[in-house]
Amino acid sequence: MTAKKEWIDVAIDALDKAYVPYSHFPVGACLVTKDGKIYQGLNIENASYGLSNCAERTAFFKAVSEGEKEFSHLVIAGHTPQPISPCGACRQVMAEFCEPSMPVTLVGDNGVQKEMTVEGLLPYMFTDKDL
Ligand code: THU
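Reminder that position 44 of the sequence shown reads as 44 in UniProt numbering, one-by-one numbering, no gaps.
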């Protein structure tokens, strides 16, 4: 199995673990560090809806809280007919921790894929260089 196929499987596996009693819209993520470690993410909702955390940010917060700051790839999976589109907040978190050229693989149902980059998802992004 190729590394990328394994990362896609990790993101798809997360769909079953997502805590989505309100939206019934599971999202899974697999964040890969530059030294090949994998952090799985899934969305975690709350009865106070606004507290819900997206799959991508779960993966980033797990990784960063373990001391990781160097990432090489992100896979995001959803039960969507087209490859899932990450929300704006998660794009901004990607911009914080990833190089603009970092690949992001979006996966929909039946394995349909779209290859993007962080910069492709968030052009003219706001970063620490703007402060
Ligand atoms: N969601 C994610 O987990 N990632 C995204 O990029 C888009 C939205 C979640 C949030 C909420 O739990 C559900 O999808 C419906 O909005």
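For every residue, glycine included, the Cβ atom is placed at its ideal position computed from N, Cα and C.
Legend entry - DSSP bridge partner residues for residue 194 (one or two, in chain order): Look at the range of the chain in this structure, 1 to 131, and you will see that residue 194 is not part of it.
| What residues come near ligand 3, if near means a beta carbon less than 6 Å from any of its heavy atoms? | This structure lacks ligand 3; the ligands present are ligand 1.
Val-10 burial status per 10 Å Cβ neighbour count (16 or more: buried): In the sequence shown, residue 10 corresponds to position 10, counting from 1. So Val-10 counts as buried.
Next on the checklist: Using only CA atoms, which one of Cys-98, Pro-83, Cys-87 and Gly-88 lies nearest to Asn-110?
Outcome noted: As a position in the sequence shown, residue 110 is number 110, starting the count at 1. Nearest option by C-alpha distance: Pro-83.
Between the C-alpha atoms of Val-107 and Asp-130, what's the straight-line distance to the nearest angstrom? By 1-based counting over the sequence shown, the position of residue 107 is 107. By 1-based counting over the sequence shown, the position of residue 130 is 130. For Val-107 and Asp-130, the distance between alpha carbons rounds to 32 Å.
inquiry  = Rounded to whole angstroms, what is the Cα-Cα separation between Gln-92 and Lys-17?
reply    = Counting from 1 along the sequence shown, the entry for residue 92 is found at position 92. Counting from 1 along the sequence shown, the entry for residue 17 is found at position 17. For Gln-92 and Lys-17, the distance between alpha carbons rounds to 24 Å.
*Would you kindly report the start and end of the unbroken beta strand (DSSP E) that includes residue 132?*
Examination of residue 132 is not possible in this model, given that the chain is present from 1 through 131 alone.
- Task: Please go through the UniProt domain "CMP/dCMP-type deaminase" (2-129) and give each complete alpha helix (DSSP H) segment of 4 or more residues, from N-terminal end onward.
- Result: For the UniProt domain "CMP/dCMP-type deaminase" (2-129), whole alpha helix (DSSP H) runs of length 4 or above, ordered along the chain, are 3-14, 55-65, 88-97 and 118-121.
#### Entry: Residue from Ala-59, Gln-113, Ser-23 and Ser-101 whose Cα sits closest to the Cα of Tyr-49
The sequence position of residue 49 within the sequence shown is 49, counting from 1. The option with the nearest alpha carbon to Tyr-49 is Ser-23.
key: Status (buried if at least 16 other CB within 10 Å, exposed otherwise) for Phe-25   = In the sequence shown, the residue the question calls residue 25 occupies position 25. Exposed, by the Cβ-count rule.
Quick one: any contact between the segment 95-106 and the segment 33-47, if contact means 3 or more CB pairs under 8 Å?
A contact is defined here as three or more CB-CB pairs under 8 Å, and the segment 95-106 fails this definition with respect to the segment 33-47.
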